[in-house]
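A quick write-up on the structure given underneath.
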Amino acid sequence: MELRPLQLLVDDVEDEDETMDEDETFYLLRDEAAGRVGRSGGKKSFFPDFTFLQKFRDCCRRCFVRQHHFISRTIPIGQANIQKFPHNIIRNQKYSIWTFLPFVLLRQFSVFMNLFFLVMALSQLIPVLRVGQLYTYWGPLSFVVAITLIREALDEWRRYKRDQEVNSQEYTKITRDGAVRVPSSAICVGDLIQVEKDQRVPADMVLIRTTEQNGTTFIRTDQLDGETDWKLRIAVAVTQNTNQTEDLFNMSPLVFAEAPKEDIHSFLGTFSVNTKGASDVKLPLNLENTLWTNTVIASGTALGVVIYTGCETRSAMNNSAPRSKTGLVDMEVNQLTKILCVAMFILAFVMSSLLGFYPTWVAHFFRFILLFSYMIPLSLRVNLDMAKTYYSWVIQHDRGIAGTVVRSTTIPEELGRIRYLLSDKTGTLTRNDMVLKRIHVGEVGFNTETFHEVRQTLLTDLESFKDEDSSYPRTLKRELATVEAVTALAVCHQVTPSYDNGRLEYQASSPDEVALVSWADKMGLRLVNRGLHDMQIEGEFQRLDLDILETFPFTSERKRMGIIVRDKSSKKITFYMKGADVVMCDMVHYNDWMKEEIDNMARQGLRTLVVAKKELPQEVYQEFQAAYRSAQMSISERASRVENVVRSLEREMDLLCVTGVEDQLQSGVKQTLETLRQAGIKVWMLTGDKQETAACIAKSSCLADRHHDLFFFADVTTRPDAHTQLNALTRKKDNSVLIIKGQALETCLKYYEQQTIELARECPAVVVCRCTPTLKAQVVQLLQKYTGQPCAAIGDGGNDVSMIQAANAGIGIVGKEGRQASLAADFSIDQFCYLQRLLFVHGRRSYRRTAALSQFVIHRGLIIAIMQAVFSASFYFSSIALYQGALMVGYATVYTMFPVFSLVLDMDVSDETALQYPELYKMLSKGRSLSFKTFLIWVFVSFYQGCVLMYMAFLLFESQYIHIVQISFSALVLSELIMVALITHHWHYLMVMAEVVSLVIYAFSILFLKDTFELAYFRYTSFYWKVILLTLSSCLPLVVAKYIYQWWSPPTHHLLDA
81 MELRPLQLLV DDVEDEDETM DEDETFYLLR DEAAGRVGRS GGKKSFFPDF
131 TFLQKFRDCC RRCFVRQHHF ISRTIPIGQA NIQKFPHNII RNQKYSIWTF
181 LPFVLLRQFS VFMNLFFLVM ALSQLIPVLR VGQLYTYWGP LSFVVAITLI
231 REALDEWRRY KRDQEVNSQE YTKITRDGAV RVPSSAICVG DLIQVEKDQR
281 VPADMVLIRT TEQNGTTFIR TDQLDGETDW KLRIAVAVTQ NTNQTEDLFN
331 MSPLVFAEAP KEDIHSFLGT FSVNTKGASD VKLPLNLENT LWTNTVIASG
381 TALGVVIYTG CETRSAMNNS APRSKTGLVD MEVNQLTKIL CVAMFILAFV
431 MSSLLGFYPT WVAHFFRFIL LFSYMIPLSL RVNLDMAKTY YSWVIQHDRG
481 IAGTVVRSTT IPEELGRIRY LLSDKTGTLT RNDMVLKRIH VGEVGFNTET
531 FHEVRQTLLT DLESFKDEDS SYPRTLKREL ATVEAVTALA VCHQVTPSYD
581 NGRLEYQASS PDEVALVSWA DKMGLRLVNR GLHDMQIEGE FQRLDLDILE
631 TFPFTSERKR MGIIVRDKSS KKITFYMKGA DVVMCDMVHY NDWMKEEIDN
681 MARQGLRTLV VAKKELPQEV YQEFQAAYRS AQMSISERAS RVENVVRSLE
731 REMDLLCVTG VEDQLQSGVK QTLETLRQAG IKVWMLTGDK QETAACIAKS
781 SCLADRHHDL FFFADVTTRP DAHTQLNALT RKKDNSVLII KGQALETCLK
831 YYEQQTIELA RECPAVVVCR CTPTLKAQVV QLLQKYTGQP CAAIGDGGND
881 VSMIQAANAG IGIVGKEGRQ ASLAADFSID QFCYLQRLLF VHGRRSYRRT
931 AALSQFVIHR GLIIAIMQAV FSASFYFSSI ALYQGALMVG YATVYTMFPV
981 FSLVLDMDVS DETALQYPEL YKMLSKGRSL SFKTFLIWVF VSFYQGCVLM
1031 YMAFLLFESQ YIHIVQISFS ALVLSELIMV ALITHHWHYL MVMAEVVSLV
1081 IYAFSILFLK DTFELAYFRY TSFYWKVILL TLSSCLPLVV AKYIYQWWSP
1131 PTHHLLDA
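Mapping of the sequence shown onto our numbering: position 1052 corresponds to residue 1132, and the numbering continues sequentially without gaps.
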């Protein structure tokens, strides 16, 4: 069927991201409020949202909490500041001693069920509406609220203790009078603070001086950005050279710092000093001169001047509460609860109408609402929260997936119904353990079998690298090109050599760079030392001493890095650069081999880099340096001006080589992807690599089955081209893996958003290459929007964070490049293969248990409401309570609470069976365990049992009304215990204990129910046979029906167990 060109209807939905400037108090209150935000998954409810209390709370905050405006500042060192800045206090508490109770109560009663029962309880203060003892309604409500208050109080106390520990840490403050010890909370803007090795940085500072001679220090930033590699920081040059602290104060230094902001990867500022006998010195400050709060000094001792404190630090501004996710199960339960609410009002209206429209009709209507209010499951939310906490604990203590961390305890059951998995490639499907496998230099290519030729060339021809005579034979020129290529790999990087007990190790933020430098080492060029301004490279017969003039780091926007070095012996200046082919192809001289070799390497699944160089005459470099320094001194638009200056250098470069680095698949990836496909989960791979590399990995990882074809979506930039390609995909979508570039996908989404997603979802798998972080998140959001099915996203790097946060369930892998994805995810695992156990065992089991628990809690309240309706109808529609006081409180709590909650221990199949048969996951992921159909079944069961228990009690009624209560309630408790046993698959010893203990509690409590029960009646055998008869009448038909159904249509897990 052809895809018809449609008039595109674009709905621009803009998320209002209101950001406010605030002091520490407002910041913390905003964090607490942010935790309420949930994800609706694009579904709209027919029922209104009860959010007026939330809006009232937010309005109070806006009215009564003072706002703080962030401003730039000029800071004199060693002098008093006129400007007022926040105190350097870390305060992660949600509440104060005065706001704890009102805010927690407001939050609790923002939930419809809690608010409804509060209104019901308050109505009992009105005599005409009272239907029993006050504690009948206040007891269960107080129980639920008390549990929440205790939990919040314990969490708040832990936060308080952690804050106190951090705020009381002592640091050395340098003054004109000497060094003094001060707590972290007493540090102010402008203070000189000395931070020792392995000590936490207490505030945002500019690095003034270090104990290292070259003026550098390394910091660990894993607590700030999740990256595990060490970062290099550079002290201000003019202050690093001062020997005495007094000399530093005599310079009258001034630090200008931009206004505080959230971006931890940039900083603009200047450092000015007034030196005697010379003009003022003004130096630019950037990220390399900063020490952010919560980073840790990894080498030496650092002295810094404080520029931001408290809520103005980068750490605090990035410490907002994560956006909480609301699971589909929670939303489905909420819908069912609202249906019950409507049914309750209809039932109350019918009962009061049948009584007659007398002047007291309204009072009777509200009394019936009170009597039927148990249809609304008050304790459901508490039960689900406790169950989810238990699921999370089990996941984290599973030795089969050791190291797994659950960071979002609100959605473990979402793992049981995933239909789409969107995965990164590097570090997720692959090991992120890079090894150079191929290098192509001009007309010659080398691989692992011929690398010895490269080493032999370097051993014999390194000296010729400096010879400027161009009259070499062809073979010798080829060898010279090889030497230049290896030298470029040994020079162009941001790798730092370190020695551990004499053993050389390379450290860098990029595994690719370590792989290239390590390979150059094996070939005979070893990086032995790298400082701030120089590096030394040793060959077999010679040593290269190079001055580092400039370094241009790699960024995801630039997709390249460069370095300018000067040979100390020859004074020759060279600009080396390496990067992705998409950006390097326009910067190198024309050649006829680069594109072909890149495609060849990519088809082998290798990650490619293009390496080039450019000789810079002294006058050209001086001209560039002047423009570069001028751009660095800019306060406004510094980044764009610096980029423009660097771009002027990145052209007409000499191509040296193309490298191919292999990143092997993680263990168990093939098997995991195969089982995911059998479980009905479609996997989409979103990667930044080339199309050929991504296609190769898709084949080798079994993402593309051997029976599937590969559909390479052509590069499209216009609407007609996109329409043509989508029509072609329509004819092949059922048996083809779609492989599409990010730019082509963006074009399709621009013109045919819904059609593109709906076509892609029909494919067995999808591979999106050259995919940006923004596009990854967009794909996740659109897939959720147009399929309405749960999606999971998994990744290991910072570029995967937006995708992970957008998914229904975000899964992070602890990667070699850092922990950004792991920290931002809902679930953190160590290996991709752990997905099998996480989804098939824990996800499936959590969802099935949650479905059973939710519906049984609803059933528990619904059955007693049915009994009340039968009772009222039998007594001329009177609005009199069947059970009052302690019976209702006990029924909602101690009589049935333990057996019902023990359902979280039930399991239908063993771990081994769940892993061996992924089809079990596929059956459960369709959502049939909790659906409108199962809800109606439980409504029918409740209706049947409620009617049987009540009418049978009437039939066996002898003389006293109290006997009806006594018999029916005892049968009701026994029936609920039997129903728990009826839906249990495998008994856990705690489940047996819960049943026995509940029965003992009920029997023991009878002694204290003299006003409710006739204790003498318990001595007659008639009581017991009547209770047994009622219980059997309500439960035995259900037991028989269950086994007949299982015999007629046995569940799959029963067949597997057999």
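All C-beta atoms in this analysis are idealised placements derived from N, C-alpha and C, irrespective of residue type, glycine included.
| Query | Result |
| --- | --- |
| So for ASN527, helix, strand or coil by DSSP? | strand |
| Which residues share a DSSP beta bridge with MET615? | ARG610 and LEU626 |
| Give the secondary structure of TRP310 by DSSP, where H, G and I count as helix, E and B as strand, and everything else as coil. | strand |
| With 16 other CB atoms within 10 Å as the buried threshold, where does GLU742 fall? | buried |
| For the alpha helix (DSSP H) that contains GLN324, what are its first and last residues? | Run containing GLN324: none; DSSP gives neither H nor E here. |
| Indicate the three-state DSSP secondary structure (helix, strand or coil) for GLY582 in the structure shown. | coil |
| What's the gap between the Cα of MET466 and the Cα of PHE981? | 9 Å |
| Pair every Cβ in the region 751-763 with every Cβ in the region 779-786, then say whether three or more of these pairs are closer than 8 Å. | yes |
| Determine, using beta carbons only, whether CYS849 and LYS830 come nearer to each other than 9 Å. | no |
| Taking the alpha carbon of PHE298 as the point to measure from, which residue in LYS694, GLY349 and VAL376 has its own alpha carbon closest? | VAL376 |
| What does the Cβ neighbour count give for GLN885, buried or exposed, with the cut at 16 atoms within 10 Å? | buried |
| Starting from GLU245, trace the alpha helix (DSSP H) both ways and give me its first and last residue. | 215-247 |
| Leaving out five residues on either side along the sequence, give the residues of the same chain with a beta carbon under 7 Å from the beta carbon of GLU676. | none |
| Rounded to the nearest angstrom, how far is the Cβ of ASP988 from that of HIS1065, given a contact under 8 Å? | 4 Å |
| Taking only runs of the alpha helix (DSSP H) that begin and end inside the region 727-807, which ones reach a length of at least 4 residues, in chain order? | 749-758 and 771-780 |
| Using the C-alpha atoms, what's the distance from ILE344 back to SER551? | Confidence is the limiting factor: at SER551 the pLDDT is only 48, short of 50, which leaves the residue's position unreliable and the question unanswerable from this model. |
| If you count every other CB in all the chains shown that lies within 10 Å of the CB of GLN536, and 16 or more means buried, which is it? | exposed |
| DSSP has ASP302 in a bridge; who is on the other side? | In DSSP, ASP302 forms no bridge with anything. |
| Less than 9 Å separating the beta-carbons of ALA692 and LEU735? | yes |
| When you compare only the Cα positions, how much space is there between LYS253 and ILE162? | 20 Å |
| Given a threshold of 16 other Cβ atoms within 10 Å of its Cβ, counted over all protein chains shown, does MET1073 qualify as buried or as exposed? | exposed |
| Could you check what DSSP says for ASP478 in three-state terms: helix, strand or coil? | coil |
| Could you tell me if GLY158 is buried or exposed, where buried requires 16 or more neighbouring beta carbons within 10 angstroms of its beta carbon? | buried |
| Figure out for me which residue from THR319, ALA428 and LEU434 has the closest Cα to the Cα of MET455. | ALA428 |
| Assign ARG518 to one of three DSSP states: helix, strand, or coil. | strand |
| Identify, in the order they occur along the chain, each residue of the same chain with its Cβ nearer than 7 Å to the Cβ of GLU79, setting aside the five sequence neighbours on each side. | Outside the displayed span of the chain (81 to 1138) sits residue 79, for which this structure offers no information. |
| For LEU918, report the span of its beta strand (DSSP E) as first-last. | Per DSSP, LEU918 belongs to no beta strand (DSSP E) and is neither H nor E. |
| From the DSSP output, in three-state form, read off THR631 for me. | strand |
| Verify the CB distance criterion: does ASN247 have a CB-CB separation below 9 Å to chain D? | Absent from the structure is chain D; it holds one protein chain and no more. |
| Within a Cβ cutoff of 7 Å, which residues of the same chain sit near ARG256, ignoring the five residues on either side of it in sequence? | GLY158 and PHE329 |
| Under the three-state reduction of DSSP, which class applies to ALA396: helix, strand or coil? | helix |
| Does DSSP classify ARG153 as helix, strand or coil? | strand |
| Where ILE1042 and CYS1115 are concerned, what is the direct C-alpha to C-alpha distance, given to the nearest angstrom? | 24 Å |
| Quick one: is LEU538 buried, meaning 16 or more other Cβ sit within 10 Å of its Cβ, or exposed? | buried |
| Threshold first: 3 residues or longer. Then list the beta strand (DSSP E) segments lying entirely within the region 639-690, N to C. | 640-647 and 653-659 |
| If you draw a straight line from the C-alpha of HIS613 to the C-alpha of THR576, how long is it? | 13 Å |
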